[in-house]
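Below is one structure, written out as structure tokens; comments come after it.
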Amino acid sequence: MKTVTALCALLLGNAAMASSLVLYTNDFEDIIGDRFTADTGHEIEVIQMSGGNLLARIAAEANNPRWDVLLFDGVGSLYSMDQQGMFMRNLAPENEQYLTEQGRSLVPESRAWMPAGTTASCVLVYRTDLVSEPPATFADLTSSAFKGVIGQADPAVAAPAYPCVASLHYDMGMDAARQLYSGILDNDLRVFRTNGPTRRALSAGEISVAMLSSPNAYSMIQSGEPVEVVWPEAGAPSSSRGVAVQASTDKTDAAQAFVNWMLSPATQQFLTENGGADGLFLSPVEGVNPLSYGPPAEAVYRVAPAAWAAEHEAAIKSWFADQAVN
Amino acid sequence: MMVRRFRRMRALKPDTLVGIAISLLLLILVAAPMGLVLAQAFFPGILQGDLAFSGISQLQELFQRRLWRVSLMNSLYLSSYTAIFGTLIGASLAIIRHQYPIKGATALDLCAWAMLIMPSFIIAQGWILFSIRDGIAAQWLGMPWVYDWVFSPQGLVAIMSFKNYPFAYLAVSAAMQWHVKEYQHAARLCGAGPMRTLLTVRLPLLLPAILSGMVLVFIDTLGDFGLPAALATTYRFPTLPYTIFTAMNQSPIRFDLAGVLSVYLMVILMAAVALYLWLLKRSRFDFLTAKAEAGFRSGRRVNKALSFVALAFVAIALGIPMGTSLMVSFIDQMNTGFTPGNLTLVHYQSVLQSGSLLREALGNSLQIALMAATASLLVSFLAAYLLTFSQFYLNGLINVICTMTLAVPGVILGVGFIFFWNHPLLFNLGLSLYGHPFILVLAGMAGAIPIAIRVLLGAMGQIPQSFMAAAALQGVSLPRRLVTILLPLTLAAFLSAGLASFGSSVFDLAVTSILHPPGYAVLPVVIDRMFLQGYYGLSTASTLVAATVTLGLIQATQLAVRNLFKQLFQVHSAEPPVNSLNIEVRHA
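In order, the protein sequences belong to chains A and B.
For the first sequence, our numbering assigns the number 1 to the initial residue and increments by one for each residue that follows.
For the second sequence, our numbering assigns the number 1 to the initial residue and increments by one for each residue that follows.
Structure below.
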């Protein structure tokens, strides 16, 4: 009994510091905290979770939010949370002046979040040792040559996979995109839970072509795996990461300092160089040198408008899920 | 006023007092958080104080949407077949282990514990790396057919059975602690052979334990997200937990849909528990008498055929997934294979070095698991006593509540915990535990109680009511009856229940992944992150280190308790007679 009491005391002693800024993120959790504190003097506690769990935790906390700042990949979800009044609006960080044209195009009208980086949510990646005639476009995936060997992350579960499907629907129109996906699904598309298992299946030769996020695709090349990336000429379906402040936070100064810090070229360079695969992103600010083995400089990123992505999310996900069932 | 209330409390029967205390505890721990999730299906605004009823039309969606309909059928298929095969495996192995002298008995125990505490995703990953087209089976063993076998609904049933059989194994093992050999002698005197005696005397008496195990296998399979999600990608086999997960991945999030699907999980769960209770009520199983002995084995010569069966099973169920993980933990580059130049210890060095995240997380998780296991064991013991020996009017409810957390995915339970423990009412009273490590102890208890109580119920089902009633008539108080009669008779089950609670709490990923507080590393979250980032060497090394430490603690506790209470665990041999001590079960 004494042991249990002692353990209780020890555990209670480990309670989190309530005065620190609390960041919810699905990326960069290992490197962001110490650097932010060193640069700004503000203490920060970082909670990392997968995109789905993060959304669930934020929604479940809606009555009594425990987070102050959010770094999240997916503008559709950010828009939706903003519509529910979860974010502080009219952010005006000083470092906004460094935004590139692409970065400025991603700032929402409500100014409820600031862009923090863009990645392709799906590019075509194929095994050079298994595919003799590689696909050039997404439409090529309906060819019988790829029957049973194509893989993709589940848009109903993986955070970057919905922007991929949404972007294709936005660019092609709903009917044409559904026709394309019906063809790919009829070609026995393998739907994996997230990009990680999709990459592993491609690596193991279980599949020979994948619609994979660009960080996964280029880190496979970097690690010497026999794969090539096809970046669609018209641009790859893309996903944008945003940084937002909780509407009722009592740590406004520190939270806004975090947003400003995220837009600093020095921070962006730091995240690029130290983020591993997460560092393979298109920075929204000027003066950042991307990783040499990442996407080409001329690569075009196509992000579906946040409002459109949010409006059609339920319909697209439901349609995809119902079609994907055998 | 206070004095009158106190007198009224004292006038209540001890069973009623215990029943009220356990009911209140379960209400706070399980029913309230889960109730808030289930209520979302009908009262979507309940957390905001809006009690507008949204109708029951959403319940019909299950039969309208193709994904939901298929998910329900897949879940029932998977759970039913896994319950049958998992129980068959678990009960057979337990009987082999405890009825006959075999080589590999310890390996069987370790295998059961390891499978029980291992997170689904590690088991799944081991099987995937073994079975894929360029995996070990196809490339090294020349068995490419393994791919088609594993990645099929039948393969999923087989692997789920290997994963969940320990529920049946431990329940039946615990129930075999006591043995009344006069029953067998009577059967043999009437001309029955050993097999007929086993089938017609021993097995029917073990039915409560077998059914307990079966209900657990069924329900745990029903609520498992990780293994089906990882293995089912090749043939698109969504189950209800996967579909619930997709409902919670929408923006805005659909807690109402998650609530509807959880209602269906609850209905299936309650049907399973009702069937279990109905089967138990049809006969009596309280077969222990004053002549009961602790343990029993037929003969002293090692049975070679059964030893081979036991060891072959361990080699497949544990050897394949964990052996594959072991290999991966020593490999530098996954795609280079298991060659001498590709072997490395760097993953182990990294995770074991001073100040590593794994060491911190393992320490935290062990502390939490110890507290969760101790508390849940106490609650489960009292709840199992109530269900077996008392007529408390809320027994049916206690039975269902004690099992419900097993049937719902951990993420749902986690959301329920946030709803409840983060509610402004509790927060303003200073009672909000959300954001504090202690919430993980409560979540661990909610997850561990279903396992502990089923193991205990199986063992208590064998004890006649008269044992406790006779002591009560002599004026023995309830605490003394529990400690001097019930506890010694169910000590093996008590130990199993406590250790199972401990092991499962250490690795409980789903609920900790959504509840973990800021600045507090916990083991499953750390391992899962390594795994998702593709650091397979680090994640497998971490898993094996953590599993070794956890299993080591479990084995050490088992040895210590068995050594401390030697008499209660003494194993006797049937023939020839040995110097056995008859354990006297005292009738008061």
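Virtual Cβ for every residue (Gly too), placed ideally from N, Cα, C.
- Take LEU257(B), set aside five residues on each side of it, and the residues of its chain with a beta-carbon closer than 6 Å to its own are ALA247, in chain order.
- Around the Cβ of LEU564(B), a 10 Å sphere holds fewer than 16 other Cβ atoms; the residue is exposed.
- Cβ contact annotation for ALA32(B) (same chain, cutoff 7 Å, sequence separation greater than five): PHE420, in chain order.
- Separation of ASN95(A) and TRP261(A) (C-alpha to C-alpha, rounded to the nearest whole angstrom) is 8 Å.
- At least one CB of chain A lies nearer than 9 Å to the CB of PRO252(B).
- Fewer than three pairs of CB atoms, one per stretch, sit closer than 8 Å, so the stretch 183 to 199 of chain B makes no contact with the stretch 138 to 150 of chain B.
- CA-to-CA, the gap between GLY19(B) and ILE398(B) works out to about 9 Å.
- Look at TYR169(B) here: in three-state DSSP terms it is helix.
- The beta carbon of GLN353(B) sits no closer than 9 Å to any beta carbon of chain A.
- Neighbours of LEU291(A) across chain B, judged by C-beta separation under 8 Å, do not exist; the nearest C-beta is about 17 Å away.
- If you keep only unbroken beta strand (DSSP E) runs of at least 3 residues inside the stretch 184 to 220 of chain A, you get 190 to 192, 209 to 212.
- The beta-carbon of ARG66(A) is placed less than 9 Å from the nearest beta-carbon of chain B.
- Residue environment: TYR385(B) is assigned as buried (16 or more neighbouring CB atoms within 10 Å of its CB, all protein chains considered).
- Straight through space, the alpha carbons of PRO119(B) and LEU551(B) are spaced by roughly 14 Å.
- Beta-carbon to beta-carbon, GLY503(B) and ILE554(B) are separated by about 6 Å, close enough to satisfy the 8 Å threshold.
- Cα atoms of VAL157(A) and PHE192(A): separation of roughly 9 Å, rounded to the nearest angstrom.
- For ASN249(B), the nearest CB of chain A lies under 9 Å from its own CB, placing it at the interface with that chain.
- Shortest Cα-Cα distance from ASP140(A) to any of ASN53(A), GLN222(A), PRO232(A) involves PRO232(A).
- DSSP places PHE72(A) in the strand class (E or B) of the three-state scheme.
- Secondary structure at GLU311(A): helix, using DSSP grouped into helix, strand and coil.
- Pairing PHE392(B) with SER380(B), the inter-Cα distance amounts to about 15 Å.
- The C-beta of SER432(B) comes closer than 9 Å to at least one C-beta of chain A.
- Only residues of its own chain outside the window of five on either side were considered, and among them ASN26, ALA159, THR194 have a CB closer than 8 Å to the CB of SER50(A), listed in chain order.
- One alpha carbon belongs to ILE31(A), the other to ILE44(A), and they sit about 12 Å apart.
- Apart from the 5 residues on each side of it in sequence, THR137(A) sits with its Cβ closer than 7 Å to the Cβ of PRO232 in its chain, given in chain order.
- Sequence-distant partners of LEU343(B) (beyond 5 residues in either direction) whose C-beta falls short of 6 Å from its own C-beta, in its chain, are PHE330.
- For MET327(B), the secondary structure class from DSSP, reduced to helix, strand or coil, is helix.
- Fewer than three beta-carbon pairs drawn from the stretch 444 to 460 of chain B and the stretch 343 to 358 of chain B are found closer than 8 Å, and the two stretches are therefore not classed as touching.
- Interface with chain B (9 Å Cβ-Cβ cutoff): THR249(A) is excluded.
- Residues of chain A whose Cβ lies closer than 7 Å to the Cβ of ARG66(B) are, in chain order, ASP322, VAL325.
- If one requires a minimum length of 3 residues, the beta strand (DSSP E) runs lying completely within the stretch 238 to 323 of chain A are 301 to 303, in chain order.
- Where LEU499(B) is concerned, the enclosing alpha helix (DSSP H) starts and stops at 491 to 506.
- For ALA254(A), the CB contacts under 6 Å within the same chain, skipping 5 residues up- and downstream, are LEU21, HIS42 in chain order.
- A Cβ-Cβ distance of about 7 Å is found for the pair ARG97(B) and SER173(B), placing them in contact under the 8 Å criterion.
- Judged by DSSP secondary structure, VAL30(B) falls outside any alpha helix (DSSP H); it is assigned neither H nor E.
- Secondary structure of ILE96(B) (DSSP, three-state): helix.
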